[in-house]
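Residue numbers (the working numbering): -16 to 69.
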Amino acid sequence: MSSDENRLRLSLGCKVDAVALTSQTFYVFGPLKQHLGGRHFADDDVQHEVLLWIRQQPKEFYAAGIGALIKRWDKCINIGGDYVEK
């Protein structure tokens, strides 16, 4: 296991499938990246800024992200799990 995977496990408190994590969190990462873009932080400061940003998002932001997941999961189920583009 890489040090990045260990850090992720410690941060989230559980083992995470990186592919599943990235496919399900792009909705959050784009706006967060835009918010943090061009700024420089110490490690503790960036963690604080990310948590602050997450807490400041309106409930509609998260509802839209969950709605998008439902559509993706439904698509995956309807095509029998063959969701890898060829």
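Beta carbons are placed, not taken as given, at the ideal position from N, Cα and C, and that holds for glycine.
As the structure is a computational prediction, the values presented were derived from the model and not from experiment.
Nearest-angstrom Cα distance between Lys58 and Ala51? 11 Å
Would a C-beta distance cut-off of 9 Å place Ile37 and Leu19 closer than the cut-off? no
Leaving out the 5 sequence neighbours to the left and right, which residues in its chain are closer than 6 Å to Asp28 when beta-carbon positions are compared? none
Local conformation of Ser6 per DSSP, three classes: Confidence at Ser6 is low in this model, with a pLDDT of 49, below 50, so its placement is unreliable and no value can be given for it.
Taking the straight line between their C-alpha atoms, what separation do you get for Gln30 and Ile53? 29 Å
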